[in-house]
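In terms of the numbering used here, the sequence shown opens at residue 68 and continues consecutively.
We put the beta carbon where it would ideally sit given N, CA and C, even for glycine.
These figures come from a predicted structure and were not determined experimentally.
Reviewing the structure listed below.
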Amino acid sequence: MIVNRLDDAQLACCVGELADLLIDTVDGGASIGFLAPMDRAAAVAWWKERVGAVAAGHLAVWAAYDGPRVVGTVSLAFPDKPNSRHRAELVKLMVRRDARGQGLGRRLLGTAENAARSAGITLLHLDTETDSPAERLYGSAGWTRAGVIPDYAADPAGVLRPTTLYYKRLGTTPATR
Numbered sequence: 068m069i070v071n072r073l074d075d076a077q078l079a080c081c082v083g084e085l086a087d088l089l090i091d092t093v094d095g096g097a098s099i100g101f102l103a104p105m106d107r108a109a110a111v112a113w114w115k116e117r118v119g120a121v122a123a124g125h126l127a128v129w130a131a132y133d134g135p136r137v138v139g140t141v142s143l144a145f146p147d148k149p150n151s152r153h154r155a156e157l158v159k160l161m162v163r164r165d166a167r168g169q170g171l172g173r174r175l176l177g178t179a180e181n182a183a184r185s186a187g188i189t190l191l192h193l194d195t196e197t198d199s200p201a202e203r204l205y206g207s208a209g210w211t212r213a214g215v216i217p218d219y220a221a222d223p224a225g226v227l228r229p230t231t232l233y234y235k236r237l238g239t240t241p242a243t244r
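What follows is the structure, encoded as structure tokens:
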């Protein structure tokens, strides 16, 4: 599998494939901000809305390919305030159900962490559904659990679930973005 960082033009070209990945992830029960069943037009529109953020440098998106097919993605969201340029939020780590169990989630996570480190980011943070498979991944990858917020978001079935906050320190070099 190949993992590539997408620029805005590349992202715009593959919104359909990324939309299919989003639908598969939500329909598979992952709580990533959407309710099931996920409408394809809504999924395409959501990815199209990310193109401007990538062009502006506020979002970095990676896609994992198995041949021509997108099977995973991860993003980093960069704050726009001067006092927070040292940190980024890890968002929307997704792996297609039929590509799970092969280490792709860990590889995408490592890709985002390494890119953040290279950009001078010293602190990453994220939230994930408590007791989810994603939570186990972050814990095993050295992320620190900061706490749990009850009834934070509805899962794809519409049931309110808690979220766990995590962070990871990457180093001491100040951000240069």
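Rounded to whole angstroms, what is the Cα-Cα separation between residue i and residue j?
i, j, result
"A97", "G187", "30 Å"
"R244", "V93", "With a pLDDT of only 48 at R244, under the threshold of 50, the placement of this residue in the model should not be trusted; the figure read from the coordinates follows. If you take the alpha carbons of R244 and V93, they lie about 33 Å apart."
"W210", "A201", "12 Å"
"L78", "Y233", "27 Å"
"T140", "L126", "13 Å"
"A299", "A166", "With the chain covering 68 to 244 only, the question about residue 299 has no answer from this structure."
"L214", "T230", "Per the sequence presented here, residue 214 reads as Gly, with Leu not at that position. Those two C-alpha atoms are separated by around 8 Å."
When burial is assigned at 16 or more other CB atoms within 10 Å of the CB, is residue i buried or exposed?
i, result
"I90", "buried"
"K159", "buried"
"R236", "exposed"
"L73", "buried"
"G172", "buried"
"V118", "buried"
Just reading off the beta strand (DSSP E) that residue i is part of, what are its end residues?
i, result
"S142", "R136 to A144"
"I188", "Element bounds for I188: n/a, residue is neither H nor E."
"V215", "T211 to A221"
"V70", "I69 to L73"
Going by DSSP, what residue range makes up the alpha helix (DSSP H) through residue i?
i, result
"T197", "T197 -> no alpha helix (DSSP H), and no H or E assigned at all."
"L89", "V82 to D94"
> Where are the alpha helix (DSSP H) runs, 4 residues long or more, that stay fully inside the region 97–171, in chain order?
Replying inline: 107–123
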